[in-house]
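In the numbering used here, the protein residues as written are 323 to 522.
Just so it is clear, CB atoms sit at the ideal spot from N, CA and C, and this is done for glycine as well.
Input: a single structure, listed below in structure tokens.
Okay, here's the thing in structure tokens:
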């Protein structure tokens, strides 16, 4: 029986024997060899910027949205990127409605850091009017089931949604050329969201 002590737990003798015999036989509990990857399925939603990823038993839905905002003062020529994660009650036993769990916050930080440090998203291309208007891109990850390998599944879901995302076309006008006009999707061409070199 499992006894949790903070971030550690004690294993019973039977659990320890089971793990040792699994390591010796070079088989995982689900029948995979040590270096076999989980089965991956990616589905793209009907709406732009949505995807559904299943990696083994882990199931995640991802949505990308955008809005025009004022840029940060120290980065007037760059748009913003933010990642939000939410676990369903099925995926996380510590789920509380309306409040992100510690696991959700940490996962969001990992995905956000990965996208930023790899420069997968060109934030300078999100600038509409320097110092005045930039695009703010929001990635929402909904973890429906956590069957392991959560970081990989969340990364794949975020990238898949970004690859299909289209932001509204906008034009500059007005007397000073600084007035932004957004064109609705049915009227104008939607500009594809550009990703820097993404390698899978």
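Whole-number beta carbon distance between residue j and residue i, since they are thought to touch under 8 angstroms
i: residue 408; j: residue 422; result: 7 angstroms
i: residue 384; j: residue 462; result: 7 angstroms
i: residue 452; j: residue 398; result: 5 angstroms
i: residue 458; j: residue 386; result: Contact flag wrong, Cβ pair sits at about 11 angstroms.
Euclidean distance between Cα positions of residue i and residue j
i: residue 468; j: residue 396; result: 38 angstroms
i: residue 335; j: residue 351; result: 17 angstroms
i: residue 382; j: residue 474; result: 11 angstroms
i: residue 514; j: residue 425; result: Its pLDDT being 45, under 50, residue 514 is placed unreliably by the model, and the measurement read from it follows with that caveat. So the two alpha carbons sit approximately 32 angstroms from each other.
Endpoints, the beta strand (DSSP E) within which residue i is located
i: residue 365; result: 362-366
i: residue 460; result: 455-467
i: residue 493; result: 492-495
Neighbourhood of residue i by C-beta, 8 angstroms cutoff - its chain only, sequence neighbours within 5 removed
i: residue 327; result: Only weak support is given to the placement of residue 327: the predicted model assigns it a pLDDT of 42, under 50, and the value that follows is read from those uncertain coordinates. So no residue of the chain qualifies.
i: residue 434; result: 403, 404, 405
i: residue 512; result: Bear in mind that a pLDDT of 46 at residue 512, under 50, signals an unreliable position, so the number given afterwards is only what the model happens to contain. 370, 488, 489, 490, 491, listed in sequence order.
Sequence-distant residues of the same chain with beta carbon closer than 7 angstroms to residue i, five excluded per side
i: residue 436; result: 477
i: residue 348; result: 355, 356
Contacts around residue i, its chain only, beta-carbon distance under 6 angstroms, and the 5 residues preceding and following it disregarded
i: residue 591; result: Here the chain covers residues 323 to 522 and nothing more, so residue 591 does not appear.
i: residue 493; result: 503
i: residue 427; result: none
Where the alpha helix (DSSP H) through residue i begins and ends
i: residue 386; result: Unbroken run through residue 386 is the beta strand (DSSP E), 380-391; no alpha helix (DSSP H).
i: residue 439; result: 424-439
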